[in-house]
Structures are given as structure tokens and as C-alpha cells.
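Report on one structure; see the data block that follows.
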Amino acid sequence: MAKLSGNYEVVFILNPNLDEEATAAMVAKFKTLVEQNGTLAEVEEWGKRHLAYPINDLTEGYYVLMTFNAKPEFPRELDRILRITDGVMRSLIVCKDEK
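Now the structure itself:
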């Protein structure tokens, strides 16, 4: 039987050189996107953290964790948008329902 919805987590790392307004706008953009396509449960902004390895010669990144519930088709679209958005250095989407 096909899944109707699932619980997901997405962690994305933003460029630390963005100013506060740009960072807040980027987080708000992804919050809105998730709210339009599912139910946003929680947003945790971890702030600037040291990276395990340099990405594009940067050693820090601004981390954001979002937990949400959505249809199975949405995470693929969210991943596509995260990949093409300037300022997003890395992202990872995980389905929490899998055992």
C-alpha cells in the first residue's frame, strides 16, 4: 500500500557570509515552502557552526533543522529547490518513518 504522508527532517547549511536579513529570508522561504506542501512541526536554527571539512573554502556554515509531515513526492521537490538555491551549501532530507 502506498504511503499517504510521512514524517521528514531536513538539515541545510547556509553560507555564513550572508547577512542576518538574507539568512532570515532564506529560512523563511523554506518554512513557507514546507507549510504550503505539508505540516511544519518544528524549526531549529542552530546558528553558525564549524564544518567538519571545508566547503568552497569556507570552514563555517549556518545550520537549520526542520521537521515536517508531507506527501512522499514533496521531499524530492524540496531537495531540487535546495540544490539550485544560491546560498545553500549542503542539505540532507531524511524520512523518520523508515525502520
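With the numbering used here, the residue at position 70 of the sequence shown is 81, and numbering never jumps.
Yeah, the Cβ is synthetic: ideal placement off N, Cα and C, and Gly gets one too.
Collapsed DSSP secondary structure at residue i in the structure displayed
| i | result |
| --- | --- |
| glutamate 20 | strand |
| glutamate 84 | coil |
| threonine 50 | strand |
| leucine 69 | strand |
| methionine 12 | Annotation note: pLDDT 46 at methionine 12 (below 50); position unreliable, coordinate value reported separately. Reduced to three states, the DSSP call for methionine 12 is coil. |
| leucine 103 | strand |
Proximity of residue i and residue j at Cβ, strictly below 7 Å
| i | j | result |
| --- | --- | --- |
| phenylalanine 23 | glycine 49 | no |
| glutamate 20 | valine 105 | yes |
| phenylalanine 79 | alanine 35 | no |
Paired residues, beta bridge with residue i - DSSP
| i | result |
| --- | --- |
| tyrosine 74 | Ile24, Gly58 |
Top-ranked residue by Cα proximity to residue i, from the options
| i | options | result |
| --- | --- | --- |
| glutamate 55 | Pro83, Met100, Val75, Ala81 | Val75 |
| tyrosine 73 | Asp108, Lys107, Ser102 | Ser102 |
| asparagine 28 | Thr78, Phe41, Asn67 | Asn67 |
| arginine 94 | Phe41, Leu15, Pro83, Gly17 | Phe41 |
Do the segment 55 to 69 and the segment 81 to 96 touch if we need at least three Cβ pairs shorter than 8 Å? no
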